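S.K.: Got a structure here, written out as structure tokens. Questions coming.
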Amino acid sequence: MEATSVKVNFNGKEGNKYFIKFPDLKIPVSVNKNLYQKMLNSDMYEFMNLPSRRSRVNSA
């Protein structure tokens, strides 16, 4: 059986707190930067509203 990822939304940042909206909760959950980074890199969570990241290359 394959595990499916939870689709979450990033609701913003205030100070050192990141607010994540889960589908079955009415209020967003606040997490610290360390946990937010782990969630971004995890296969368990799929962020639906993050802009695509573009890498910038500075070359001469």
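Under the numbering used here, the first residue of the sequence shown is numbered 2, with each subsequent residue one higher. Idealized CB from N, CA, C, for every residue including glycine. Treat the numbers as computed from the prediction; the structure is a model and nothing was measured.
Considering only the alpha carbon of each residue, which of Val7, Lys14, Asp25 lies closest to Val32?
M.R.: The option with the nearest alpha carbon to Val32 is Lys14.
S.K.: Can you have a look at Ile28 and say buried or exposed, based on whether 16 or more other CB atoms are within 10 angstroms of its CB?
M.R.: Exposed, since its Cβ has fewer than 16 Cβ neighbours within 10 Å.
S.K.: So, are the CB atoms of Met49 and Asn10 less than 8 Å apart?
M.R.: Yes, they are a contact pair.
S.K.: Could you check which residue in Glu3, Ser6, Phe23 has the C-alpha nearest to that of Asn12?
M.R.: Of Glu3, Ser6, Phe23, the residue nearest in Cα terms is Phe23.
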